[in-house]
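Structure record follows, encoded as structure tokens.
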Amino acid sequence: MNVMKKIQLPILIVCGVMLCSCSDEPKSVVRMIDNPTDNEIVVAIDGKKLAIPANSNTTYTFEYGKHNLAYNNESLDFIVKPARFPNDGFINPTQSNYMFHTYIYATENTSDEDYDKLYEKSLRKVSIIINGVEDEVELPVKVINDVFIEREDNTWDYSINQEAPNELPKKFKTKKDIQLPRIKVYREKDYITLLKNEFFESNEDPETGFEVSFPNKPVKFAEIEQYVFPKINLGGIECDAGKKYLADTLDNWKQLFTLNGDDFASKYKKLGGEEGINSLRKSDELCPKEIDPNMTYYQAYGPFEKFLNFTQDTNIYIIK
Numbered sequence: 000m001n002v003m004k005k006i007q008l009p010i011l012i013v014c015g016v017m018l019c020s021c022s023d024e025p026k027s028v029v030r031m032i033d034n035p036t037d038n039e040i041v042v043a044i045d046g047k048k049l050a051i052p053a054n055s056n057t058t059y060t061f062e063y064g065k066h067n068l069a070y071n072n073e074s075l076d077f078i079v080k081p082a083r084f085p086n087d088g089f090i091n092p093t094q095s096n097y098m099f100h101t102y103i104y105a106t107e108n109t110s111d112e113d114y115d116k117l118y119e120k121s122l123r124k125v126s127i128i129i130n131g132v133e134d135e136v137e138l139p140v141k142v143i144n145d146v147f148i149e150r151e152d153n154t155w156d157y158s159i160n161q162e163a164p165n166e167l168p169k170k171f172k173t174k175k176d177i178q179l180p181r182i183k184v185y186r187e188k189d190y191i192t193l194l195k196n197e198f199f200e201s202n203e204d205p206e207t208g209f210e211v212s213f214p215n216k217p218v219k220f221a222e223i224e225q226y227v228f229p230k231i232n233l234g235g236i237e238c239d240a241g242k243k244y245l246a247d248t249l250d251n252w253k254q255l256f257t258l259n260g261d262d263f264a265s266k267y268k269k270l271g272g273e274e275g276i277n278s279l280r281k282s283d284e285l286c287p288k289e290i291d292p293n294m295t296y297y298q299a300y301g302p303f304e305k306f307l308n309f310t311q312d313t314n315i316y317i318i319k
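In terms of numbering that gives the first Met the number 0, the sequence shown opens at residue 0 and continues consecutively.
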């Protein structure tokens, strides 16, 4: 019999998308936009208003290209693009807390010692507020309140709308001595309900029940980390062939940000995909040491290559 060992709550707490495409090549990305609050919210995407009822979500298809998200008198620009390894994610315009909780699934013959070792690895120090008093406890959970929550950066196995199973997946039932950590994403209030139902005797009796929440200190949209397209000093390049190559490449990138859909996808592949990165690296051959002894070309395109590497694996990133 396969069982799931329940999450352990420290004594301290008791005391205290997929891609969407109509052609062979994808040209858009679908993302869920979630509203975990008790009130309707209105977001604007590229100026188009979208109302999301309380405690619900909707999906939105973003064509490849530049977009704008506005909410609560703040806005940010972002790029939607192909990724080397496409993944999914969701949008959190209210910057609410989402709880990435780790369950440990184990076969019945797993020793307590082996289970405990794996469980301890999943623990994090987390700030929590109990009856208005903030404290720090260890829980197998990671708290995220980013606007764009991408699976590439914060992996999970079961999303907001998926239930975590009560036992090992069927394909592992015949295995012996198996321990599998799996991550389930919860809205904060759903996670608090889980904690109360599993570990508190009552949350209704005023003498035994108590209020629990997690601190939420989001930054302003304008202060969120942004990818800044590198500024390249073409005048400092002492190799004419390299200078021309980079000048043409930069012009193509400026044009790219005016495109969308299929046009964006095809041009991005030549500029920012594997093809584009390999072409950039190969351009180093234009300026050998005998022509560019001070390696001015390498110094100029280095930050550009770094930018492409950082953004290659993501579908969405915020820009300045």
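Glycine residues also receive a C-beta, built at the ideal position from the N, C-alpha and C atoms.
#1: For Phe147, write down the residues that DSSP places opposite it in a beta bridge.
#2: I'd like to know whether the C-beta atoms of Val142 and Ile159 end up nearer to each other than 8 Å.
#3: Over what stretch of residues does the beta strand (DSSP E) that includes Phe61 continue unbroken?
#4: What are the uninterrupted segments assigned as alpha helix (DSSP H) that are 4 or more residues long and contained completely in the region 216 to 272, given in chain order?
#5: Would a C-beta distance cut-off of 8 Å place His66 and Asp87 closer than the cut-off?
#6: Thinking C-alpha only, which one of Leu49, Tyr226, Gly260, Arg123 is nearest Gln311?
#7: Express the C-alpha separation of Asp156 and Glu162 in angstroms, rounding to a whole number.
#8: What first and last residue would you give for the beta strand (DSSP E) that runs through Gln178?
#9: Would you kindly work out how many angstroms separate the C-alpha atoms of Gly301 and Thr93, rounded to a whole number?
#10: When DSSP labels each residue in this structure, what does Phe84 get in the three-state scheme?
#11: Exposed or buried, which one is Asn91 when buried takes at least 16 other CB atoms within 10 Å?
#12: Closest to Asn232 by C-alpha separation, out of Leu122, Phe303, Glu24, would be which residue?
#13: Please report the residue range of the alpha helix (DSSP H) in which Leu138 lies.
#14: If I follow the unbroken beta strand (DSSP E) through Ala299, where does it start and stop?
#15: Give the straight-line distance between the Cα atoms of Asp189 and Ile182, rounded to the nearest whole angstrom.
#16: Pick from Phe263, Lys268, Tyr244: whose alpha carbon is nearest that of Cys286?
Here's the rundown:
#1: Along the sequence shown, read from residue 1 onward, the residue named residue 147 stands at position 148. Answer is Ile90, bridged to Phe147.
#2: Looking up residue 142 in the sequence shown gives position 143. Looking up residue 159 in the sequence shown gives position 160. In this structure, the beta-carbon distance from Val142 to Ile159 does not fall below 8 Å.
#3: The count along the sequence shown starts at 1 and reaches residue 61 at position 62. Element bounds for Phe61: 55 to 62.
#4: Counting only runs of 4 or more, we get 239 to 255, 260 to 270.
#5: Here residue 66 refers to the residue found at position 67 when the sequence shown is read from its first residue. Here residue 87 refers to the residue found at position 88 when the sequence shown is read from its first residue. No, these two residues do not count as a Cβ contact at 8 Å.
#6: Start at 1 with the first residue of the sequence shown, and residue 311 comes out as number 312. The closest CA to that of Gln311, considering only Leu49, Tyr226, Gly260, Arg123, is found on Tyr226.
#7: The residue given as residue 162 occupies position 163 in the sequence shown. The residue given as residue 156 occupies position 157 in the sequence shown. Taking the straight line joining both Cα atoms gives about 10 Å.
#8: Residue 178 sits at position 179 when you count from the first residue of the sequence shown. Its beta strand (DSSP E) spans residues 178 to 186.
#9: The sequence position of residue 301 within the sequence shown is 302, counting from 1. The sequence position of residue 93 within the sequence shown is 94, counting from 1. Across the structure, Gly301 and Thr93 are spaced so that their CA atoms are roughly 37 Å apart.
#10: Walking along the sequence shown from the start, residue 84 turns up at place 85. Here Phe84 sits in coil by DSSP.
#11: In the sequence shown, the residue the question calls residue 91 occupies position 92. That one is buried.
#12: The count along the sequence shown starts at 1 and reaches residue 232 at position 233. The candidate whose alpha carbon is nearest that of Asn232 is Phe303.
#13: What you label residue 138 is simply residue 139 of the sequence shown in a count that begins at 1. Element bounds for Leu138: not the alpha helix (DSSP H) but the beta strand (DSSP E), 132 to 138.
#14: For the purposes of this step, residue 299 is identified with residue 300 of the sequence shown, where counting begins at 1. Counting along the chain, Ala299 sits inside no beta strand (DSSP E); it lies in the alpha helix (DSSP H) bounded by residues 295 to 310.
#15: Within the sequence shown, residue 189 is the residue found at index 190, counting from 1. Within the sequence shown, residue 182 is the residue found at index 183, counting from 1. C-alpha separation (whole angstroms): 15 Å.
#16: Mapped onto the sequence shown, residue 286 falls at position 287. The candidate whose alpha carbon is nearest that of Cys286 is Tyr244.
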